[in-house]
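Trainee: The structure under discussion is supplied below as structure tokens; questions concerning it will follow.
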Amino acid sequence: MTIRPETVADRDAVHALNAAAFGQPDEAELVDRLRKRATPYLALVAEEAGDLVGHIAFTPVTVDGATGVVGLAPMAVRPDRQRDGVGGELVRAGLAACAEAGATAVVVLGHPAYYPRFGFAPAHTFGLRDNYGAPPEAFMALELTPGALAEATGTVHYHDAFAG
């Protein structure tokens, strides 16, 4: 399996992958909107034998008192490859790519039993909450630069592409 940056040639396959992984088109359409409207847009794909088996995207978020914060969303793994390590490889490679691109922290709204293995902690421990009213244990943050969220306060706002 190879993890690499998403390319223009991947777009249709990424759309289909997200729709299949989530069982409906909403996340696939979200990725299409993010790609068009969010700058910078950092996305990686997992490729195996010429087929895409996973995708992960990161886009800027805003929060008072912090700069360089990005949101991880969505992450998709082809249904027949879920629970096979693809997602973990995407998260690790994505966090490294974000750090290399200058991101200081990452937030994610996701499964509270999954993301802590990568170093994510409940965002409320940094004084943060999301703008969707998610359960506090599902909204998590990770500092890529130590102290990046030390002055951060309040609500994290995702890109308006998340609203439709």
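According to the numbering used here, the sequence shown is numbered sequentially starting from 2.
Every residue, glycine too, gets a C-beta built ideally from N, C-alpha and C.
No experiment lies behind these values; they were computed from the predicted model shown.
Which two residues bound the contiguous alpha helix (DSSP H) that contains residue 79?
Mentor: As a position in the sequence shown, residue 79 is number 78, starting the count at 1. Element bounds for residue 79: n/a, residue is neither H nor E.
Trainee: Does DSSP classify residue 109 as helix, strand or coil?
Mentor: Counted from its first residue, the sequence shown places residue 109 at position 108. In the structure shown, residue 109 sits in a strand (DSSP, three-state: E or B).
Trainee: Quick one: is residue 40 buried, meaning 16 or more other Cβ sit within 10 Å of its Cβ, or exposed?
Mentor: Taking the first residue of the sequence shown as position 1, residue 40 is located at position 39. Looking at its Cβ environment, which holds fewer than 16 other Cβ atoms inside 10 Å, residue 40 is exposed.
Trainee: Where does residue 56 land, buried or exposed, given buried means 16+ other C-beta within 10 angstroms?
Mentor: To locate residue 56, count along the sequence shown from 1; it is residue 55. Buried, by the Cβ-count rule.
Trainee: What is the residue span of the alpha helix (DSSP H) that residue 163 lies within?
Mentor: The residue given as residue 163 occupies position 162 in the sequence shown. Run containing residue 163: none; DSSP gives neither H nor E here.
Trainee: Tell me whether residue 127 sits in a helix, a strand or coil according to DSSP, three-state version.
Mentor: One-based indexing of the sequence shown puts residue 127 at position 126. Helix, per DSSP.
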